[in-house]
């Protein structure tokens, strides 16, 4: 998702506010999402347990910070059985 | 003598995740002796979310042993969360241990949630404001409970289960600035105070899988975002065949000696 608002580069306080929102907003409650500032946008990356949670993160951030350009690179963690065993003698 | 353990942490269950882990979990009976859950089983620590954990991880046909994580404390419903998990047959450890009789010997698991505090030379001290002293006392009391539980178990293979990390090694990938919120050296000291074979933890989503305590105990970060599979499987014991490699099958894990 990318929002081009024509606004200047997001500042550090905004980055902190979004980072806290991701944990403290009950609709999100994620501690494992990183917020990185680039020249053009804030990039959210990390992994969540469902596609629904990824959509919710983007929705909540866009709702609270409509003018901030945000790019998302959030994955949904795979849940397949392991194919290898670690032997610990 | 081989003890077979499956482990995962930070599964953050709620209704939207129900059923995602179950197909892989149903392969566990016959493949492992126990499943260990390294905390953050829920999103907000509500009783309703704990019921989701009970549905996903209960009735598996293998013993399930868990510690809680910081998320499981968020809504101040810890007794209800523990009650719901235990009704589903999940053992929840907090400063306690359990010994399981497995075909390969007696597996002892001691567990505690743990707490932050930081690592040797860069840690918080029991000094100054009451808030700071309360923080560090939470750290040391938690580590003391883990040490006592580990030393109290009579078993063949001893495993420490925590949510917070006992070493900085398995935090590699996380920003250095937040290490004091991810674990503490006192947990490592507790692990090293007993003949521990393996220490498992979660919490550090951007961390890495492998580490070692200063005393030489292997540490594994089994946070779900780190292992990127439903669970990891470890075989512990002194009669492992080093030449054998586990096989990849369409059905998932296969016993390496089968």
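Chains as they are written, first to last, in this note's numbering: chain A, 1 to 89; chain B, 1001 to 1258.
For glycine and all other residues, C-beta sits at the position ideal for the given N, C-alpha and C.
C-alpha distance - residue i paired with residue j, whole-angstrom precision
i	j	result
residue 1012 (chain B)	residue 1218 (chain B)	25 Å
residue 1123 (chain B)	residue 1184 (chain B)	8 Å
residue 1006 (chain B)	residue 32 (chain A)	23 Å
residue 1081 (chain B)	residue 86 (chain A)	31 Å
residue 58 (chain A)	residue 26 (chain A)	14 Å
residue 30 (chain A)	residue 44 (chain A)	12 Å
residue 1110 (chain B)	residue 1091 (chain B)	11 Å
residue 70 (chain A)	residue 47 (chain A)	16 Å
residue 1142 (chain B)	residue 1061 (chain B)	31 Å
residue 1015 (chain B)	residue 53 (chain A)	11 Å
residue 81 (chain A)	residue 1078 (chain B)	30 Å
residue 28 (chain A)	residue 1070 (chain B)	15 Å
residue 949 (chain B)	residue 1169 (chain B)	The structure shown does not extend to residue 949 (chain B), since chain B spans only 1001 to 1258, so no value can be given for it.
residue 1094 (chain B)	residue 38 (chain A)	42 Å
residue 1054 (chain B)	residue 40 (chain A)	44 Å
residue 17 (chain A)	residue 1206 (chain B)	20 Å
residue 1190 (chain B)	residue 77 (chain A)	32 Å
residue 14 (chain A)	residue 1131 (chain B)	28 Å
residue 1029 (chain B)	residue 68 (chain A)	49 Å
residue 1153 (chain B)	residue 51 (chain A)	42 Å
residue 1097 (chain B)	residue 1004 (chain B)	18 Å
When the options are compared against residue i, the one with the closest alpha-carbon
i	options	result
residue 1156 (chain B)	B:1091, B:1167, B:1197 and B:1170	B:1197
residue 1177 (chain B)	B:1074, B:1117, B:1053 and B:1223	B:1117
residue 88 (chain A)	B:1159, B:1207, B:1055 and B:1085	B:1159
residue 35 (chain A)	A:64, A:13 and A:19	A:19
residue 42 (chain A)	A:11, A:56, A:60 and A:49	A:11
residue 1074 (chain B)	B:1003, B:1204, B:1049 and B:1100	B:1049
residue 1072 (chain B)	B:1105, B:1114, B:1089 and B:1104	B:1114
residue 1161 (chain B)	B:1131, B:1042 and B:1036	B:1036
residue 1230 (chain B)	B:1002, B:1152 and B:1018	B:1018
residue 1234 (chain B)	B:1199, B:1228 and B:1216	B:1199
residue 1165 (chain B)	B:1221, B:1126 and B:1152	B:1221
residue 1065 (chain B)	B:1089, B:1210 and B:1133	B:1089
residue 1228 (chain B)	A:83, A:79 and A:84	A:79
residue 1056 (chain B)	B:1107, B:1032 and B:1084	B:1084
Residue i: first and last residue of the uninterrupted alpha helix (DSSP H) it sits in
i	result
residue 58 (chain A)	51-64
residue 952 (chain B)	A query on residue 952 (chain B) cannot be resolved here, the shown segment of chain B reaching from 1001 to 1258 and no further.
residue 71 (chain A)	It is not in any alpha helix (DSSP H) - residue 71 (chain A) instead sits in the beta strand (DSSP E) that spans 70-76.
residue 1203 (chain B)	Where residue 1203 (chain B) is concerned, there is no enclosing alpha helix (DSSP H), given that its DSSP letter is neither H nor E.
residue 1137 (chain B)	1130-1152
residue 1226 (chain B)	1224-1227
residue 90 (chain A)	Given that chain A is displayed from residue 1 to residue 89, the structure contains no residue 90 (chain A) and the question cannot be resolved.
residue 1023 (chain B)	1022-1025
residue 1124 (chain B)	Taken as a continuous stretch (DSSP letters only), residue 1124 (chain B) belongs to no alpha helix (DSSP H), as it is neither H nor E.
residue 1048 (chain B)	1047-1057
Residues that residue i bridges to, as DSSP identifies them
i	result
residue 1010 (chain B)	None, per the DSSP bridge assignment.
residue 1260 (chain B)	Lying before the first or after the last residue shown, residue 1260 (chain B) is absent from chain B, which here runs from 1001 to 1258.
residue 1090 (chain B)	B:1064
residue 1211 (chain B)	B:1219
residue 45 (chain A)	A:34 and A:73
Start-to-end residues for the beta strand (DSSP E) that takes in residue i
i	result
residue 1101 (chain B)	1096-1102
residue 94 (chain A)	No answer is possible for residue 94 (chain A): it lies beyond the span of chain A, which begins at 1 and ends at 89.
residue 1034 (chain B)	1034-1038
residue 1160 (chain B)	1157-1162
residue 1110 (chain B)	1105-1112
Distance cut-off 8 Å: residue i Cβ against heavy atoms of the ligand GDP
i	result
residue 1031 (chain B)	Annotation note on the ligand GDP: not contained in the displayed structure, which lists no ligands.
Problem set entry | Segment contact flag, the region 1012-1025 of chain B with the region 1133-1151 of chain B, C-beta cutoff 8 Å, min 3 pairs | no
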